[in-house]
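The next block holds one structure in the form of structure tokens; read it before the comments.
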Amino acid sequence: MAQQTIKLEIVTPEKYVISQDVKIVMAPGTLGEFGILPNHTPFLSSLETGKVHFRDLQDKEHVVFISGGFSEALPDRVTILAETAEMREKIDIDRAKAAYERAKERLASSDDSIDKERARASLMRAVARIKLVEQKD
Amino acid sequence: MASLKEIKSKISGVKKTKQITRAMNMVAASKLRGAQGAMDAFRPYAEKFAEVLGNIADKATDEISPLLIPREEVKNVHVVMLTSDRGLCGGFNTNLIEKTEDFVEALKGREINVTLSNFGKKGRDWARKEKLTIVDQYLDVVGAKFGFTIASTFGQKLIEGFLFGDYDEVHIVYSEFRSMANQIPIVKQLLPIVAIEQPDQAAAKAEDDVYRYLPEHICEPSATDLLNTMLPKSIFIQIFHALLETSTSEHAARMRAMDNATKACDDMIESLTLTYNKARQQSITMELMDIVGGAEALRG
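Protein chains in written order, with numbering that gives the first Met the number 0: chain A, 0 to 136; chain B, 0 to 299.
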């Protein structure tokens, strides 16, 4: 039976980000962006850091920001394995901005007890989040 | 026999210790739940990754990744050692240290130069005492909350070290969490990659007939390129997995150790109370005898 929907799964080492039926998935492949519709032939691709778009059963579009991953498509499902993945609508912009300020402060301070490596990583995360929310498609 | 006052203060001291060990037990229990949650969250990723890796490993035939090729002569071995930062967790660290020691001794016996990377203070202190070369050390990782980035940045360093020829082999010593009562120290080779574990394909396919008649995967870029980007990741995954296992083991070991300590406190309080009562009884008897003796003397 030909299917009308395809199951999208986005998994990271830290959590299961998404597991739901969708109509179409667009992903940033290493050799260019590609779209996957239901009944796709088996397909493997590595992914660039970027945005995965998908349309849910109500035709609503969602964006997930991913980095360091690859995807496997089968006729009835698409699995995206990424090192990090974050849904745009779940990002709390105020929190991200607060984190950005805090990380900057910590990096600027001369206190040796502060873990600079960690502050830098959290700054990068905050910047990525803010960018993701503020930029338009 | 110690005076009544001394025994009493000893009892209250043991009671305080018991409160602390019991609190530590509960803290370890809640951290253990967190660590097990992280392991559960990681499992789907690891399983899927192994499945995909197994799928393309057969197809990438035209060029073998340098990460897979064993060195003809092994002169420099790097050992990644995982222990906890803090003690009071029974034989947990001792077991890991003994395992590492045996392994390092065996390597030295073969005239191999050994370097170490340490996660956790206990292992690092041991390595310092043994005057081993410590290349890298990470504290506050094992047993705490950590992200995948730590595994990938560290893994990247190992891979570079291997490719530049600084290390001919890389091994990792960690504790595998079998059950609450059983955590086993394990030595595993990270580099060169020994074998790509093939998932049980028959089981996966029997589950769903649909997949049996599918054509082979189209790979983009080529299967070889994909494999080459996946192999380093498989190392990161192994490191992350080892970190998770060790953290879970640490909390389980501490929980058990603190449980035993709390029980030991109970026993001690019981025996001290008995001594206290005996001493009190004895002093009452003595006083009575004094009074009776005094009365007798007065009666003349």
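For each residue, glycine too, the CB sits at the ideal point set by N, CA and C. From a predicted model like this one, the values you see are computed outputs, not experimental measurements.
List the residues of chain B that residue i touches, going by C-beta distances under 8 Å, in chain order.
i	result
K14(A)	A40
Can you look up residue i in the DSSP assignment and give me helix, strand or coil?
i	result
Q143(A)	Residue 143(A) lies beyond the range of chain A shown here (0 to 136); nothing can be said about it.
F163(B)	coil
K187(B)	strand
T83(A)	strand
S64(B)	coil
A26(A)	strand
D265(B)	helix
D320(B)	Since the displayed chain B opens at 0 and closes at 299, residue 320(B) lies outside it and no answer follows.
S66(A)	strand
S83(B)	coil
T245(B)	helix
I192(B)	coil
H140(A)	Lying outside 0 to 136, the shown extent of chain A, residue 140(A) is not represented and no answer is given.
T11(A)	coil
V141(B)	coil
H216(B)	coil
R76(A)	strand
D20(A)	strand
V113(B)	strand
V291(B)	helix
E71(B)	coil
E32(A)	strand
E129(B)	coil
Just reading off the alpha helix (DSSP H) that residue i is part of, what are its end residues?
i	result
R105(A)	92-107
S221(B)	Counting along the chain, S221(B) falls outside any alpha helix (DSSP H), and DSSP gives it neither H nor E.
F41(B)	3-56
E116(A)	115-133
D101(B)	91-108
Interface residues of chain B around residue i at Cβ under 7 Å?
i	result
G28(A)	E219
E71(A)	V51
A120(A)	T148
Within the same chain, show all residues whose beta-carbon is closer than 7 Å to that of residue i, passing over the 5 residues directly before and after it, in chain order.
i	result
I236(B)	A45, F48
L311(B)	Nothing in the structure corresponds to residue 311(B), since chain B is present only between 0 and 299.
M254(B)	N24, A27, A28, L31
Interface residues of chain A around residue i at Cβ under 7 Å?
i	result
G146(B)	E13
Y44(B)	V10, T11, P12, L80
I55(B)	L43
L157(B)	In chain order: nothing, as chain A lies at least about 17 Å away.
Between residue i and residue j, what straight-line distance do the alpha-carbon atoms span, to the nearest angstrom?
i	j	result
K204(B)	D58(A)	Interpretation of K204(B) is limited by its pLDDT of 49, a score under 50 that renders its predicted location unreliable; the figure taken from the coordinates is listed afterwards. About 32 Å.
L131(A)	I55(B)	33 Å
G138(A)	K121(B)	No information on residue 138(A) is available, as it lies outside the stretch 0 to 136 that chain A covers here.
V291(B)	L271(B)	30 Å
A34(B)	L243(B)	7 Å
V134(B)	T40(A)	47 Å
D258(B)	V140(B)	24 Å
R85(B)	A251(B)	14 Å
M23(B)	M229(B)	41 Å
G12(B)	F145(B)	37 Å
T78(A)	V10(A)	8 Å
R105(A)	R117(A)	10 Å
G160(B)	I268(B)	55 Å
F176(B)	T245(B)	7 Å
A72(A)	F42(A)	5 Å
K107(B)	D101(B)	10 Å
K7(B)	V16(A)	58 Å
E133(A)	S64(B)	41 Å
D224(B)	V51(A)	22 Å
K9(B)	E100(A)	52 Å
I92(A)	V62(A)	15 Å
V113(B)	T132(B)	7 Å
I185(B)	T148(B)	23 Å
E104(B)	Q281(B)	59 Å
E168(B)	W125(B)	22 Å
Could you tell me the boundaries of the beta strand (DSSP E) in which residue i lies?
i	result
H52(A)	49-55
P88(A)	Going by the sequence as given, residue 88(A) is Glu instead of Pro. That residue, E88(A), is in no beta strand (DSSP E); it is neither H nor E in DSSP.
E168(B)	168-178
Tell me which residues share the same chain as residue i and place their Cβ nearer than 6 Å to its Cβ, disregarding the 5 neighbours each side in the sequence.
i	result
A202(B)	Confidence is the limiting factor: at A202(B) the pLDDT is only 48, short of 50, which leaves the residue's position unreliable and the question unanswerable from this model.
I158(B)	P231
D55(A)	V21
Output, in chain order, the set of chain B residues within a Cβ distance shorter than 9 Å of residue i.
i	result
F42(A)	H216, I217, C218, E219
Just to make sure I have the definition right: I need the residues of chain A whose C-beta is within less than 8 Å of the C-beta of residue i. Which are they?
i	result
S151(B)	G67, E82
T99(B)	Simply none; closest approach about 26 Å.
L242(B)	Result: empty, since nearest Cβ-Cβ is about 11 Å, beyond 8 Å.
Identify the contact partners of residue i in chain A, using a Cβ-Cβ distance below 9 Å as the criterion.
i	result
K47(B)	E8, V10, E71, T78, L80
F239(B)	P12
T228(B)	T29, S45, F69
L31(B)	None at all; the shortest Cβ gap to chain A is about 18 Å.
Who are the Cβ neighbours of residue i in its own chain at under 8 Å, not counting the five residues just before and after it?
i	result
I111(B)	V73, K74, N75, V76
K98(B)	V172, P184, I185, V186
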